[in-house]
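Chains as they are written, first to last, in this note's numbering: chain S, 8 to 517; chain Z, 2 to 290.
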């Protein structure tokens, strides 16, 4: 019998002891339905075990747990299977690494996908590898893209008969894409480019054939609605990023959310957050799906907290724009129009002297995960409050090197800070915030026990009250956290886990 | 006839030699020392033979002025950042080290804005060329008199030089390798404008020696400089050099005084010549560099 068949992942909410897919469920909610840990006992959390990675770059993995085994990834796409009870190593897989010291993409890896008896990982060399879940032996390996310029850093998404992957490398001017592979054979079933080629719709939004080096990477794991049969995937920024002079036009489908048919990859609808981006506001975000009442009517929603500082609520069947509200300080737009298109403020583009723009280059939100609690109906996120000066530079394209056209400077660094914010999920209205010393690089997990977990750059792993944001527990883990916490259970005991520095820390109740 | 052609030949030979020398001289003038003796530099150049060999120092100067001079001075004489018109740069023994500093930053120095490998070679070439010239005198005072000024002004009650003094403010043993004369001058006459910038976190800079005033829930006030901080705690050194480790949940007020310093200004305490002597003394504190 297959260990984790598709149907089991569809009903992941019913088996909260496991964490079967990157965001906990296909809806991208990163919500644990375990409630053993709650407001009254969270301050009793103690260290269960630690795993120390041999990672050279930052340790950003989200563990997958199924039936007592935990699967994690390290730099380049190394995969380790650990015993979730003791933290002991069970098996290890070493991928082939890209050549050369200077990689064009930071080779972090954010996790695996699990389907039936197979573990799937995307490597820094841009290969998709299928491993036997019991032993780590290679079942098959497919080259997603040869050569330099691309890498795979995000966890694949395993759905029915499809392994869906995205790629990094947009800053090198490479055209991004979303691919689907056969889980048994590794054969590619379809590829959808995020940037049109000559003659394709959308090409008119790129002047001077700039679509040829368009960018638009797809490096954050998407979400899936198995009832509507729609895949939701974010697209990153255009290249060259700081200098948009040679690519006049909206630059579709950069900085968009795509709704794809998983059967053939066709784009069913798209919504573009930031047309003609010059601030590196990749829309590589987790699309969060939930159903809630708006104006007395039940709506199927997809919400995105965008790097550009706005929280968007869209209809996930049609892509209709329902609302967009700023969730950080922003000075580049005079709001959004009725269709959700930004009303750009003059002077907000990069200039030779530098323009100070909020949110800054790291964005109000980024790859780190938000969370939706069906209990509180709040959308939780880790927000960055920082301004950056954007400079316009010359355009120089060199194959394999970053194609940027300018630069940035964090002039306002001392005034920057972060916050965990809880927004009303249908309106984006701020319910509460908990300020952080610096802009965060970690996402949040919310739980049925009424808790929100997050991490700071200074290494604090903490729990807040999901209703009001009051801090309930914290521990110093000693190094920056670039993590998205998860929760699971072994032998009926609830655990929470997060990475900090080069270690994975697992906490449990006594 | 033989004599005449012989003289002509000699004249032509001499002319040829002069032309050659002039050519070499002019070449050296135009492209700089670096280009004249590439082999010497190539021994140290571990990145791309071709790129360093062909590196245009003039282009490097243009890039340096655009991106580096703000902190390192227009001629590398230093300022907020260390002077670079020195033979030995302690963090950049090789050209590859120097290139890595450009692309990754170092401590509170940000990385350069997007440059190609060719441009990095040009900046490296220019910085190395600065080390060939003798450092310009930006400190006009007398370092020997400055040493006396330092002692008489009681600077050692807050600073340590070569193991002597009290460690409350920044250590000054090698301050001449970290700061240029203009910065040192500011630190003496307007210390609040010259608080050092460190790195508590990876991407952002945070002011060091920041004066902080906190009040605990029970009403006790503590004043000092911030040693460290995160979302939940703050660590202070008070004016008696005592450490206070505080949870923010135990504090009802935290006032961070950016733009101020616990170091007094010496603008009215010392004469202008004394200040210049003190600056010269500090600028000369370079350890082995």
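Built from N, CA and C at the ideal position, the CB exists for glycine as well.
Distance between residue 281 of chain Z and residue 263 of chain S (C-alpha atoms, nearest Å): If I take the Cα positions, the gap works out to 58 Å.
Candidates Z:86, Z:143, Z:153: closest to residue 125 of chain Z by CA position: Checked all of Z:86, Z:143, Z:153; the closest Cα to residue 125 of chain Z is Z:86.
Inter-residue CB distance, residue 161 of chain S and residue 495 of chain S (contact presumed, cutoff 8 Å): Contact doesn't hold; Cβ gap of about 21 Å is too wide.
Start and end residues, beta strand (DSSP E) containing residue 185 of chain S: Residues 184 to 188.
Segment contact flag, the region 250 to 264 of chain Z with the region 146 to 155 of chain Z, C-beta cutoff 8 Å, min 3 pairs: They do not touch, by the three-pair rule.
Cβ separation of residue 266 of chain S and residue 237 of chain S, assumed to be a contact under 8 Å, to the nearest whole Å: Indeed, because the Cβ distance is near 5 Å, the residues count as touching under 8 Å.
With 16 other Cβ atoms within 10 Å as the buried cut-off, status of residue 12 of chain Z: Residue 12 of chain Z comes out exposed.
For residue 501 of chain S, three-class secondary structure by DSSP: Residue state for residue 501 of chain S is assigned as strand, using DSSP reduced to three classes.
Buried or exposed (CB count within 10 angstroms, at least 16 for buried), residue 277 of chain Z: Residue 277 of chain Z should be labelled buried.
Range covered by the beta strand (DSSP E) that runs through residue 472 of chain S: First-last of the beta strand (DSSP E) with residue 472 of chain S: 467 to 472.
CB contact check: residue 514 of chain S to chain Z, cutoff 9 Å: Between residue 514 of chain S and chain Z, the shortest Cβ-Cβ separation is not below 9 Å.
Residues bridged to residue 63 of chain Z (per DSSP): Paired residues: none, contrary to the question.
C-beta contact flag for residue 121 of chain S and residue 188 of chain S at 9 Å: The beta carbons of residue 121 of chain S and residue 188 of chain S sit no closer together than 9 Å.
Burial state of residue 254 of chain S (16 or more Cβ within 10 Å): Buried, because 16 or more other Cβ atoms sit within 10 Å of the Cβ of residue 254 of chain S.
Proximal residues to residue 352 of chain S (C-beta, below 8 Å), its chain only, five neighbours per side dropped: If we look at residue 352 of chain S and ignore the five residues flanking it on each side, its Cβ neighbours are 338, 339, 340, 341.
Within 7 Å of chain S by C-beta, residues of the region 223 to 240 of chain Z in sequence order: The residues in question are 230, 231, 232, 233.
Buried versus exposed call for residue 395 of chain S [16 or more other C-beta atoms within 10 Å across all chains shown]: The residue is buried, with at least 16 neighbouring Cβ atoms inside 10 Å.
Min CB distance residue 113 of chain Z to chain S below 9 Å: Chain S contact via Cβ: present.
Integer-rounded CB distance, given that residue 84 of chain S should sit under 8 Å from residue 102 of chain S: About 4 Å separates the CB atoms of residue 102 of chain S and residue 84 of chain S; that is less than 8 Å, so the two are in contact.
Three-way DSSP call (helix, strand, coil) for residue 1 of chain Z in this model: Given that chain Z is displayed from residue 2 to residue 290, the structure contains no residue 1 of chain Z and the question cannot be resolved.
Residue 190 of chain S versus residue 22 of chain S: straight-line alpha-carbon distance, rounded: The straight-line gap separating the alpha-carbon atoms of residue 190 of chain S and residue 22 of chain S is approximately 23 Å.
Outcome for residue 71 of chain Z when other beta-carbon atoms lying within 10 angstroms are tallied against a minimum of 16: Under this definition residue 71 of chain Z is an exposed residue.
Residue 454 of chain S versus residue 264 of chain Z - alpha carbon distance: Taking the straight line from one Cα to the other gives about 49 Å.
Inter-residue spacing [alpha-carbon to alpha-carbon] between residue 102 of chain Z and residue 260 of chain S: Approximately 36 Å between the Cα atoms of the pair.
Residue 393 of chain S to residue 458 of chain S span [Cα, whole Å]: Straight-line measurement puts the Cα of residue 458 of chain S at about 27 Å from the Cα of residue 393 of chain S.
DSSP three-state assignment for residue 114 of chain Z, whether helix, strand or coil: Secondary structure of residue 114 of chain Z (DSSP, three-state): coil.
Collapsed DSSP secondary structure at residue 73 of chain Z in the structure displayed: Helix, per DSSP.
Start-end ranges of the alpha helix (DSSP H) lying completely within the region 60 to 110 of chain S, minimum 4 residues: As summarised for the region 60 to 110 of chain S, there are no continuous alpha helix (DSSP H) elements at least 4 residues long confined to that stretch.
Residue 195 of chain Z at chain S interface by Cβ criterion, 9 Å: Under the Cβ distance rule, residue 195 of chain Z does not count among the residues neighbouring chain S, no pair being separated by less than 9 Å.
Residue 208 of chain Z: contacting residues in chain S (beta-carbon distance under 7 Å): The contacting residues are 421.
Partner residues on chain S for residue 259 of chain Z, Cβ-Cβ distance less than 7 Å: Ordered by position in chain S, the residues that pass the 7 Å Cβ test against residue 259 of chain Z are 421.
Other residues of its chain near residue 193 of chain Z: CB distance less than 6 Å, five sequence neighbours each side excluded: Taking C-beta separations shorter than 6 Å and ignoring five residues to either side along the sequence, the partners of residue 193 of chain Z in its chain run 260, 261, 262, following chain order.
Proximity of residue 316 of chain S and residue 245 of chain S at Cβ, strictly below 9 Å: Not a contact, by the Cβ cut-off of 9 Å.
Candidates S:517, S:504, S:516: closest to residue 57 of chain S by CA position: For the residues S:517, S:504, S:516, the minimum Cα distance to residue 57 of chain S belongs to S:504.
Touching by the beta-carbon criterion (3+ pairs, under 8 Å), the region 179 to 186 of chain Z and the region 228 to 242 of chain Z: With fewer than three CB-CB distances shorter than 8 Å, the region 179 to 186 of chain Z does not count as touching the region 228 to 242 of chain Z.
Presumed contact (8 Å Cβ cut-off) between residue 278 of chain S and residue 326 of chain S, rounded CB distance: Right, their Cβ atoms sit about 5 Å apart.
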